[in-house]
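**Student:** Residue numbers (my numbering), protein chains in the order written: chain A, 128 to 377; chain B, 282 to 504.
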Amino acid sequence: MNLTLYVWRQQSSELQGRMEKYYAQGISPDMSFLEMLDMVNEDLIKNNAEPIAFDHDCREGICGTCSQVINGVPHGPEERTTVCQLHMRHFHDGDTVYIEPWRAKAFPVIKDLIVDRSALDSIIQAGGFISVHTGGVSDANSFLIPRSDAETAMDAAECIGCGACIAACPNGSAMLFTAAKVTHLAMLPQGRPEAKRRVCMMTEEMLTKGFGNCTNHYECQAACPKGIKVSFIAKLNREFIKAAQLIKEE
Amino acid sequence: MQSFFNSTVGKKILMAVTGQAMVFFVIIHVIGNSTIFVDGLNGYAERLHSLPVLVWLTRLIMLAVISTHVFFSIQLTLENWKSKPEKYAVQKHLRSTFASRNMIWSGLIIGLFLIYHLMHFTFQIISPDLAAANNLDALGRPDVAHMVISGFQNFFIALIYISALVALVLHLIHGIQSSVQTIGLNNDRTLPLIITSGAIAAIVLFIGYVSIPTSILLNIVKG
Ligand code: HEM
Ligand code: FES
Numbered sequence: 128m129n130l131t132l133y134v135w136r137q138q139s140s141e142l143q144g145r146m147e148k149y150y151a152q153g154i155s156p157d158m159s160f161l162e163m164l165d166m167v168n169e170d171l172i173k174n175n176a177e178p179i180a181f182d183h184d185c186r187e188g189i190c191g192t193c194s195q196v197i198n199g200v201p202h203g204p205e206e207r208t209t210v211c212q213l214h215m216r217h218f219h220d221g222d223t224v225y226i227e228p229w230r231a232k233a234f235p236v237i238k239d240l241i242v243d244r245s246a247l248d249s250i251i252q253a254g255g256f257i258s259v260h261t262g263g264v265s266d267a268n269s270f271l272i273p274r275s276d277a278e279t280a281m282d283a284a285e286c287i288g289c290g291a292c293i294a295a296c297p298n299g300s301a302m303l304f305t306a307a308k309v310t311h312l313a314m315l316p317q318g319r320p321e322a323k324r325r326v327c328m329m330t331e332e333m334l335t336k337g338f339g340n341c342t343n344h345y346e347c348q349a350a351c352p353k354g355i356k357v358s359f360i361a362k363l364n365r366e367f368i369k370a371a372q373l374i375k376e377e
Numbered sequence: 282m283q284s285f286f287n288s289t290v291g292k293k294i295l296m297a298v299t300g301q302a303m304v305f306f307v308i309i310h311v312i313g314n315s316t317i318f319v320d321g322l323n324g325y326a327e328r329l330h331s332l333p334v335l336v337w338l339t340r341l342i343m344l345a346v347i348s349t350h351v352f353f354s355i356q357l358t359l360e361n362w363k364s365k366p367e368k369y370a371v372q373k374h375l376r377s378t379f380a381s382r383n384m385i386w387s388g389l390i391i392g393l394f395l396i397y398h399l400m401h402f403t404f405q406i407i408s409p410d411l412a413a414a415n416n417l418d419a420l421g422r423p424d425v426a427h428m429v430i431s432g433f434q435n436f437f438i439a440l441i442y443i444s445a446l447v448a449l450v451l452h453l454i455h456g457i458q459s460s461v462q463t464i465g466l467n468n469d470r471t472l473p474l475i476i477t478s479g480a481i482a483a484i485v486l487f488i489g490y491v492s493i494p495t496s497i498l499l500n501i502v503k504g
């Protein structure tokens, strides 16, 4: 397969970037999208040109490091698939492919397709944890958790924190990410004692870091490689209403 | 910690609750207006205005509701624009709609229309010669029906109303379901149902309202 690529090139966060044209030649349909970019980079290196910088780590769809907007969709055209798991067989010979970094004020471009996602870490640090004493593992079943609650918590915990929801959101809001963390912990008895504080602190941190407000476009759910659902955002909103009393007191 | 009114979810909840209050008003209003089809508009108007406490209480509440809604809508929209300063060279929308992406514009059109509408039918200063306050019907009541029918026989006035209703239907196709999600009443099972019924409710309201100027323009309702 031969493809024409338009790739966002930007030397550093201070410098202006622009789309540049590349040719990807002799691409096998069995390659992943990142392997295709590896091939393009090899050619660039051979020609003494600067290779395209992009984020990647596990390449098996679990770490959430890969982050590219392909033809206007975060993680590309396949539903519930990360860029690293996207295969070239979903493209056709002669296709033109546009590759851009995540776009949001809270995600400044570091270089080319790599953005700084540490704002997501700040949201987690604001409340996405359970304060417990470390020590021996407690006995199984010492906490009774209804199966459906455990399932919901697991579904929410599937979030890999890649930031595709923010990249897709017309408002650059991190509500789906935050809601997944809030739901994950709020569904479990260990998470309940800090639930009110958590939802307030995490949503506040979200705004402080420059993410937008949710207006229910549901673009995030469609882009999420793990199928995190917007019903978790409704859950976050319920948790926030429950926390209203706490806000009044503090 | 932040106050309720400074928090992202708190502001959104205020938007949703004020939006729902306006939807409730808009439902009552269309039911009242449809008395024009059974020649009952003057009677309805007279009975309504014989309850000045109700009328003024509603006006005050609506003033507070609308101000809150508009204030936070502008604030939230400006914040959201700031959070997404750069656009993609290629952008494909997967789930968002024309309606959802243009809430601020449909809202502002409704807001401008509201000012016009109040000047037209409440303060009656757009066409003073037709003002119900100065024209009594055969029973000695302010002739609201005459004011409305003669008003809408003017094509441009009818067009202003119909355009505003298009903005309203777009606003509510997204707004009704969005407000349910915002106040946290959704789960996986109800979400698609709420999305569909919100859109249907918006379209039913639209048909209810738009039937008045169109049936006057088409001479189905005559003065
Ligand atoms: C008067 C001018 C108006 C303006 C400027 C305005 C603006 C907006 C904006 C920008 C939003 C989206 C905000 C967000 O989701 O963050 C919104 C939501 C909404 N609006 Fe309006 N609007 C107006 C009038 C109305 C009217 C007359 C109604 C009802 C009849 C209405 C009902 C709603 C509803 C139900 C929502 C959804 C709230 C939510 O997302 O939770 N609005 N409005
Ligand atoms: S590289 Fe780890 S999820 Fe794609």
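Just so you know, even glycine gets a beta-carbon here, dropped at the ideal spot from N, CA and C.
Given the structure is predicted, the values throughout are model-derived calculations rather than measurements.
Taking any heavy atom of the ligand FES as the mark, which residues have a C-beta closer than 7 Å to it, listed down the chain?
**Tutor:** This criterion selects HIS183(A), ASP184(A), CYS185(A), ARG186(A), GLU187(A), GLY188(A), ILE189(A), CYS190(A), GLY191(A), THR192(A), CYS193(A), THR209(A), VAL210(A), CYS211(A), GLN212(A), ILE287(A), CYS289(A).
**Student:** Give a single yes or no on whether MET384(B) has its beta carbon closer than 6 Å to a heavy atom of the ligand HEM.
**Tutor:** Your numbering for residue 384(B) matches position 103 in the second sequence. Answer for MET384(B): yes, Cβ within range of the ligand HEM.
**Student:** Going by beta carbon distance, what residues of the same chain come within less than 8 Å of LEU329(B), once the five residues before and after it are set aside?
**Tutor:** Within the second sequence, residue 329(B) is the residue found at index 48, counting from 1. Cβ neighbours of LEU329(B) beyond the five flanking positions: GLY313, LEU335, VAL336.
**Student:** Taking CB distances under 7 Å as the criterion, tell me whether ALA371(A) reaches chain B.
**Tutor:** Walking along the first sequence from the start, residue 371(A) turns up at place 244. Yes, its Cβ sits closer than 7 Å to a Cβ of chain B.
**Student:** Going along the region 131-157 of chain A in order, which residues come within less than 9 Å of chain B, judged by CB to CB distance?
**Tutor:** From the region 131-157 of chain A, only TYR133, TRP135, MET146 have a Cβ closer than 9 Å to chain B.
**Student:** Can you pull out the residues from the region 334-365 of chain A whose beta carbon lies closer than 8 Å to at least one beta carbon of chain B?
**Tutor:** Flagged, chain order: LEU334, GLY337, PHE338, GLY339, ASN340, CYS341, THR342, ASN343, HIS344, TYR345, GLU346, GLN348, ALA349, ALA350, LYS356, VAL357, SER358, ILE360, ALA361, LYS362, LEU363, ASN364, ARG365.
**Student:** Name, going along the chain, the residues of the region 226-253 of chain A whose beta-carbon falls closer than 8 Å to a beta-carbon of chain B.
**Tutor:** Residues passing the 8 Å Cβ filter: GLU227, ARG230, ALA231, LYS232, ALA233.
**Student:** Distance check for TRP386(B) and SER265(A), CA to CA, integer angstroms please.
**Tutor:** Your numbering for residue 265(A) matches position 138 in the first sequence. Your numbering for residue 386(B) matches position 105 in the second sequence. Roughly 56 Å between the two C-alpha positions.
**Student:** Return the CA-CA distance between GLN438(B) and ALA419(B), expressed in angstroms with no decimal places.
**Tutor:** By one-based count along the second sequence, residue 438(B) stands at place 157. By one-based count along the second sequence, residue 419(B) stands at place 138. Looking at the sequence shown, residue 438(B) is not Gln but Ile. In a straight line, the C-alpha of ILE438(B) is about 26 Å away from that of ALA419(B).
**Student:** Whose Cβ in chain A lies nearer than 8 Å to the Cβ of ASN361(B)?
**Tutor:** Position 80 of the second sequence, counted from the start, is the residue given in the question as residue 361(B). Residues of chain A passing the Cβ test: PRO297, ASN298, GLY299, SER300, GLY339, ASN340, THR342.
**Student:** If you drop the 5 nearest sequence neighbours on each side, which residues of the same chain put their C-beta closer than 7 Å to that of ASP220(A)?
**Tutor:** For the purposes of this step, residue 220(A) is taken as the residue at position 93 of the first sequence. Closer than 7 Å at Cβ, skipping near neighbours: MET128, ASN129.
**Student:** Looking only at its own chain, which residues have a Cβ that is under 6 Å from the Cβ of THR209(A), when we skip the five neighbours before and after it?
**Tutor:** As a first step, residue 209(A) is located in the first sequence; it is residue number 82 there, counting from the start. GLY188, CYS193, HIS202, PRO352.
**Student:** Suppose only complete runs of 3+ residues qualify. What are the beta strand (DSSP E) ranges in the region 286-340 of chain A, listed by chain order?
**Tutor:** Runs found: none.
**Student:** Hey, how far is the Cα of SER459(B) from the Cα of ASN343(A)?
**Tutor:** As a position in the second sequence, residue 459(B) is number 178, starting the count at 1. As a position in the first sequence, residue 343(A) is number 216, starting the count at 1. Answer to the nearest angstrom: the Cα atoms are 6 Å apart.
**Student:** Mind the definition here: the region 231-245 of chain A touches the region 331-351 of chain A only if three or more C-beta pairs lie below 8 Å; say whether that holds.
**Tutor:** Counting Cβ pairs under 8 Å, three or more are found: they touch.
**Student:** Select from GLY254(A), SER249(A), GLY262(A), ILE179(A) the residue whose C-alpha is nearest the C-alpha of LEU240(A).
**Tutor:** Counted from its first residue, the first sequence places residue 240(A) at position 113. Considering only alpha carbons, the answer is ILE179(A).
**Student:** Name, please, each residue of chain A whose Cβ falls closer than 7 Å to the Cβ of PRO366(B).
**Tutor:** Mapped onto the second sequence, residue 366(B) falls at position 85. Within 7 Å Cβ-Cβ: LYS232.
**Student:** So if DSSP puts ILE241(A) in a beta bridge, which residue, or which two residues, is it bridged to?
**Tutor:** Position 114 of the first sequence, counted from the start, is the residue given in the question as residue 241(A). Answer by DSSP bridge pairing, in chain order: LYS238(A).
**Student:** What does the Cβ neighbour count give for LEU286(B), buried or exposed, with the cut at 16 atoms within 10 Å?
**Tutor:** If you number the second sequence from 1, residue 286(B) lands on position 5. Note that residue 286(B) corresponds to Phe in the displayed sequence, not to Leu. PHE286(B) should be labelled exposed.
**Student:** I need the straight-line Cα distance from THR131(A) to LYS148(A), nearest angstrom please.
**Tutor:** Here residue 131(A) refers to the residue found at position 4 when the first sequence is read from its first residue. Here residue 148(A) refers to the residue found at position 21 when the first sequence is read from its first residue. Looking at the two C-alpha atoms, the distance is approximately 7 Å.
**Student:** Can you list, in chain order, the residues of its chain with a C-beta nearer than 8 Å to that of ALA414(B)? Leave out the 5 residues immediately preceding and following it.
**Tutor:** Translated into the one-based positions of the second sequence, residue 414(B) becomes position 133. Within the same chain, ALA414(B) has close Cβ partners GLN405, PRO423.
**Student:** Which partner residues of PRO423(B) appear in the DSSP bridge assignment?
**Tutor:** The count along the second sequence starts at 1 and reaches residue 423(B) at position 142. PRO423(B) pairs with LEU417(B).
**Student:** Is the Cβ of ASN198(A) closer than 7 Å to any Cβ of chain B?
**Tutor:** Locating residue 198(A) in the first sequence gives position 71, counting from the first residue. Yes, ASN198(A) lies at the interface with chain B (some Cβ there is under 7 Å from its Cβ).
**Student:** With contact counted as at least three CB pairs below 8 Å, one residue from each stretch, are the region 282-290 of chain A and the region 307-322 of chain A in contact?
**Tutor:** Result yes; three or more Cβ-Cβ pairs closer than 8 Å.
**Student:** Closest to GLY432(B) by C-alpha separation, out of ILE294(B), GLN462(B), ILE493(B), PHE379(B), would be which residue?
**Tutor:** Working through the second sequence from its first residue, we reach residue 432(B) at position 151. If we check each option's Cα against that of GLY432(B), ILE493(B) comes out closest.
**Student:** Relative to the C-alpha of MET166(A), which candidate in ALA176(A), VAL224(A), ILE154(A), ILE197(A) has its C-alpha closest?
**Tutor:** On the first sequence, position 39 is the one that residue 166(A) refers to. It is ILE154(A).
**Student:** Hey, would you say the C-beta of LEU357(B) is under 6 Å away from at least one heavy atom of the ligand HEM?
**Tutor:** Counting from 1 along the second sequence, the entry for residue 357(B) is found at position 76. Checking every heavy atom of the ligand HEM against the Cβ of LEU357(B), one is found closer than 6 Å.
**Student:** Is it the case that the region 369-385 of chain B contacts the region 445-453 of chain B, given that we only count it when at least three CB pairs across the two stretches are under 8 Å?
**Tutor:** Yes, they touch.
**Student:** Leaving out five residues before and five after ILE407(B) in sequence, what residues of the same chain have Cβ atoms less than 6 Å from its Cβ?
**Tutor:** In the second sequence, the residue the question calls residue 407(B) occupies position 126. Same-chain partners within the cutoff: MET400, HIS401.
**Student:** If you drop the 5 nearest sequence neighbours on each side, which residues of the same chain put their C-beta closer than 7 Å to that of ILE457(B)?
**Tutor:** To locate residue 457(B), count along the second sequence from 1; it is residue 176. The residues are VAL304, GLY479, ALA482, ALA483.
**Student:** Residues of chain A with CB under 9 Å from GLY392(B), in chain order?
**Tutor:** For this step, residue 392(B) is matched to residue 111 along the second sequence. Within chain A, no residue comes near GLY392(B); the closest Cβ sits about 18 Å away, beyond 9 Å.
**Student:** Answer with yes or no whether the minimum CB distance from ILE374(A) to chain B is below 7 Å.
**Tutor:** Taking the first residue of the first sequence as position 1, residue 374(A) is located at position 247. Yes, its Cβ sits closer than 7 Å to a Cβ of chain B.
**Student:** Could you work out which residues of chain A lie near GLN462(B), taking near to mean beta carbons separated by less than 8 Å?
**Tutor:** What you label residue 462(B) is simply residue 181 of the second sequence in a count that begins at 1. The answer, in chain order, is ASN343, VAL357, ILE360, ALA361, ASN364.
**Student:** Please classify HIS350(B) as buried or exposed, where buried requires at least 16 neighbouring CB atoms within 10 angstroms.
**Tutor:** As a first step, residue 350(B) is located in the second sequence; it is residue number 69 there, counting from the start. So HIS350(B) counts as buried.
**Student:** Could you tell me which residues DSSP pairs with TYR150(A) in its beta bridges?
**Tutor:** Mapped onto the first sequence, residue 150(A) falls at position 23. Paired residues: THR131(A).
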